[in-house]
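Chains as they are written, first to last, in my numbering: chain A, 75 to 184; chain B, 1145 to 1262.
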Amino acid sequence: GNSVTQMEGPVTLSEEAFLTINCTYTATGYPSLFWYVQYPGEGLQLLLKATKADDKGSNKGFEATYRKETTSFHLEKGSVQVSDSAVYFCALTVDEKLTFGTGTRLTIIP
Amino acid sequence: KAGVTQTPRYLIKTRGQQVTLSCSPISGHRSVSWYQQTPGQGLQFLFEYFSETQRNKGNFPGRFSGRQFSNSRSEMNVSTLELGDSALYLCASSLAGRGPISSYNEQFFGPGTRLTVL
Chain A
75 GNSVTQMEGP VTLSEEAFLT INCTYTATGY PSLFWYVQYP GEGLQLLLKA TKADDKGSNK
135 GFEATYRKET TSFHLEKGSV QVSDSAVYFC ALTVDEKLTF GTGTRLTIIP
Chain B
1145 KAGVTQTPRY LIKTRGQQVT LSCSPISGHR SVSWYQQTPG QGLQFLFEYF SETQRNKGNF
1205 PGRFSGRQFS NSRSEMNVST LELGDSALYL CASSLAGRGP ISSYNEQFFG PGTRLTVL
């Protein structure tokens, strides 16, 4: 079956620090990969996506590259802000069903 | 364009009761998916409806059911509630589905319904 293994949290960083959240996956077929973000009291928002190997998804300063050879989709940001504090989910889909990682809670301190 | 709306936002029930949650997709979206989010199990797929038909199903007991109406609005029902059913239930809609992921089938999530079972 399909599964996503995500870096355990919580992660606490100072403002302007570099962020990496690791994500690896196992999938039957050729998945599309996503990062979703969930702010307190809200639903999930799509942060970025990649649909084929070597694609780089990017949004709001966040980036992730689809690495088929290492089955990974690590999330990175060069300089985090307090407003980036949220829970981040790595996910994949082979059909319409999204399979999520466990989520990583990120807290940025000023 | 209005986003995905879910009602009610909060719900408190007791064991053994049943509950119905509602989801209104983005206008024009025909696919609606439901997910359960709990601290222990994370986000898990419940089912997906497209054109009033269940097209995909997760690994949940038969107490969890759903349906979709002709206007694409969807409801999910949980019968004989258990304490472990306490969760945030998220609904997501997309234009359609099947085939390579594109803007055509990207899923947009609602804010969720938080169900507490006492």
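All C-beta atoms in this analysis are idealised placements derived from N, C-alpha and C, irrespective of residue type, glycine included.
Quantities reported herein were computed from a predicted structural model and do not represent experimental measurements.
G1186, L1187, F1189 and E1192: these are the residues of the region 1179-1198 of chain B whose beta carbon lies less than 7 Å from some beta carbon of chain A, given in chain order. Look at V1148 of chain B here: in three-state DSSP terms it is coil, with no helix or strand label.
Closest in C-alpha terms to E1196 of chain B, from the list B:V1148, B:H1173, B:G1160 and B:P1255, comes B:H1173. P105 of chain A has its alpha-carbon roughly 5 Å from the corresponding atom of T167 of chain A. For V111 of chain A, the enclosing beta strand (DSSP E) begins and ends at S106 to Q112. Cα atoms of R141 of chain A and K126 of chain A: separation of roughly 9 Å, rounded to the nearest angstrom. Residue-level contact check: Y99 of chain A does not touch chain B, since none of the beta carbons of chain B fall below 9 Å from its beta carbon. Q1212 of chain B has a beta carbon lying at 9 Å or more from every beta carbon in chain A. If you check the CB distance, S1175 of chain B and F1204 of chain B do not come in under 9 Å. At least 9 Å separates the CB of G1172 of chain B from every CB of chain A. Counting along the chain, K151 of chain A sits inside the beta strand (DSSP E) bounded by residues L149 to K151.
In the DSSP assignment, E1226 of chain B falls outside any beta strand (DSSP E) and carries neither an H nor an E.
No alpha helix (DSSP H) of 4 residues or more sits fully in the region 1178-1223 of chain B. Looking from the CA of L118 of chain A, the closest CA among B:L1259, B:V1261 and B:F1252 belongs to B:F1252. With a cutoff of 9 Å on beta-carbon distance, V156 of chain A and R179 of chain A are scored as not near each other. Within 10 angstroms of the beta-carbon of K130 of chain A lie fewer than 16 other beta-carbons, which makes it exposed. Annotated as proximal: L1187 of chain B and F174 of chain A, with beta-carbon spacing under 9 Å. S157 of chain A carries a helical assignment under DSSP once its states are collapsed to helix, strand and coil.
Shortest Cα-Cα distance from F1189 of chain B to any of A:A165, A:I183, A:P184 and A:T181 involves A:A165. N133 of chain A is bridged by DSSP to A:F136.
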